[in-house]
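Enquirer: I'd like to ask some things about the structure below.
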Amino acid sequence: MEKELLIECQRNNRNAQRKVYEKMAGKLYSVCKRYLKNDEDIEEVLADTFYKIFTKLNQLQNPDIFEAWAKKIAVNECLQKLRSTKALHISLDENLVESPDSKVENLSFEKDILKLLNFLPEGCRAIFNLFAIEGYPHKEIATMLSISEGTSKSQLNFARKKLQELLVNHNI
């Protein structure tokens, strides 16, 4: 992101904010989609994310890390939404895992994996995203979600096993 554009955003220049929104909305939508299923929830979190980005932009010390900073805000907003809806209730109940339908078959491999994440329980999906995609260590995940490190590790293993089963059962 250009430093001048971010400076204009800090000055509440609406055109600059619109440009940042246009550049980042798709990327941040994809981040939110990994955590949330409901489109209304995604839109709400995305709006909250951009509000935080534009109101806290003066706290960003290094404009070179703007994109990573914005993604972290989106992840935190998703986790906040999951906590507020109690969707982060960690459960190993296999009945919570939905079965994928035939739409999954013709997607690219990466899209297949992301689509299959939707078939995991909310808590497992959040932990899998935080660990495997976002790169957080178990200790930090445990702190973020107010769970034990052991729970984080067991949920990750559960998510991996379920994803492997889904991949094998659907020849992806």
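579 is the number that our numbering gives to position 68 of the sequence shown; each next residue is one higher, with no gaps. From the three backbone atoms N, C-alpha and C, an ideal C-beta is built for every residue, glycine too. All of these numbers come straight from a predicted model, not from anything done at the bench.
Going residue by residue through the stretch 527-600, where are the continuous beta strand (DSSP E) segments of at least 3 residues, counting only ones entirely within it?
Expert: none
Enquirer: Among Lys548, Glu676 and Asn668, which residue has its Cα nearest to the Cα of Ala643?
Expert: Among Lys548, Glu676 and Asn668, the Cα nearest to that of Ala643 is on Asn668.
Enquirer: Chain B beta carbons: is any one of them nearer than 7 Å to that of Ile553?
Expert: Judged by its chain identifiers, the structure shown contains no chain B, having just a single protein chain.
Enquirer: Touching or not, the stretch 657-672 and the stretch 557-577, by the rule of three or more beta carbon pairs under 8 Å?
Expert: no
Enquirer: Closest to Leu628 by C-alpha separation, out of Gly537, Glu551 and Leu677, would be which residue?
Expert: Leu677
Enquirer: Residue ranges of each alpha helix (DSSP H) run of no fewer than 4 residues wholly in the stretch 625-677, ordered along the chain?
Expert: 633-639 and 649-656
Enquirer: For the alpha helix (DSSP H) holding Glu519, just list the boundary residues, first then last.
Expert: That run of the alpha helix (DSSP H) goes Lys514 to Gln521.
Enquirer: At the level of alpha carbons, what is the spacing between Tyr540 and Lys626?
Expert: 14 Å
Enquirer: Whose CA, out of Val556, Ser595, Pro574 and Leu593, lies closest to the CA of Ala585?
Expert: The shortest Cα separation from Ala585 among Val556, Ser595, Pro574 and Leu593 belongs to Val556.
Enquirer: Under the assumption that Leu674 contacts Ala637 (Cβ atoms under 8 Å), give the Cβ distance between them as a whole number of angstroms.
Expert: That pair is no contact at about 14 Å.
Enquirer: Which residue from Ile518, Lys582, Glu533 and Ser595 puts its Cα closest to that of Gly646?
Expert: Lys582
Enquirer: Does Thr654 pass the burial test, meaning 16 or more other C-beta atoms within 10 Å, or should it be called exposed?
Expert: exposed
Enquirer: Does the distance from the C-beta atom of Cys635 to that of Cys589 stay below 7 Å?
Expert: no
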